[in-house]
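Residue numbers (this note's numbering): 1296 to 1425.
Note that CB positions come from ideal geometry on N, CA and C, so glycine has one too.
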Amino acid sequence: IGLAEAIRYMQEIGMEEIRNHEKYLLTYAWEKLTTIGGIHLLGPISPEKRSGVISFIFDGIHPHDVGSFLAQDGIMIRVGDHCAKPLHKKLNITASSRISVGIYNDRDDIDAAIDSLKKMVTAFNGYHML
1296 IGLAEAIRYM QEIGMEEIRN HEKYLLTYAW EKLTTIGGIH LLGPISPEKR
1346 SGVISFIFDG IHPHDVGSFL AQDGIMIRVG DHCAKPLHKK LNITASSRIS
1396 VGIYNDRDDI DAAIDSLKKM VTAFNGYHML
């Protein structure tokens, strides 16, 4: 029943509209994420080659710390190997962080995540200076 309602909901909006919204948010998020020092975005820049997610790592900050810090601000992200352990091994990283966007997100959600990430970088840089 739940799956059928989800399908009906998506059909009402339209799959093309959902995808266009996703690409818009991915482009916006990518641009905002690149303003944060120490971040490394993983994968292709083009939203045409992405499907609703942007993975990233930080210099000197473990992804699990990133996830915990953002959770304190009510921002939920995924951290870990994301079923991509061979890729992480090839990239010589143990884990990554990943934000996801969907039809239920807007620019305010991206801005809140960016603000939290910037606050985290400041906090961790201050911690490392002690």
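Span of the alpha helix (DSSP H) around Arg-1314:
In the DSSP assignment, Arg-1314 falls within the alpha helix (DSSP H) that extends over 1310-1328.
If you draw a straight line from the alpha carbon of Leu-1425 to that of Ile-1356, how long is it in whole angstroms?
Its pLDDT being 38, under 50, Leu-1425 is placed unreliably in this model, and the coordinates cannot settle the point.
Which word fits Met-1305, buried or exposed, when buried means at least 16 other C-beta atoms lie within 10 angstroms of its C-beta?
Around the beta carbon of Met-1305, a 10 Å sphere encloses fewer than 16 other beta carbons of the protein chains shown; the residue is thus reported as exposed.
Inter-stretch contact (C-beta, 8 Å, three-pair minimum) for the stretch 1321-1329 and the stretch 1393-1408:
The stretch 1321-1329 is in contact with the stretch 1393-1408.
Excluding the 5 residues flanking Pro-1342 on each side, which residues of the same chain have their C-beta closer than 6 Å to its C-beta?
Correct list, in chain order: Lys-1318, Leu-1321 and Thr-1322.
May I ask which residues mark the beginning and end of the alpha helix (DSSP H) holding Ser-1346?
According to the DSSP assignment, Ser-1346 belongs to no alpha helix (DSSP H), since it is labelled neither H nor E.
Exposed or buried, Ala-1299, counting other C-beta atoms within 10 Å across all chains shown (16 or more means buried)?
With fewer than 16 Cβ atoms within 10 Å of its Cβ, Ala-1299 is classed as exposed.
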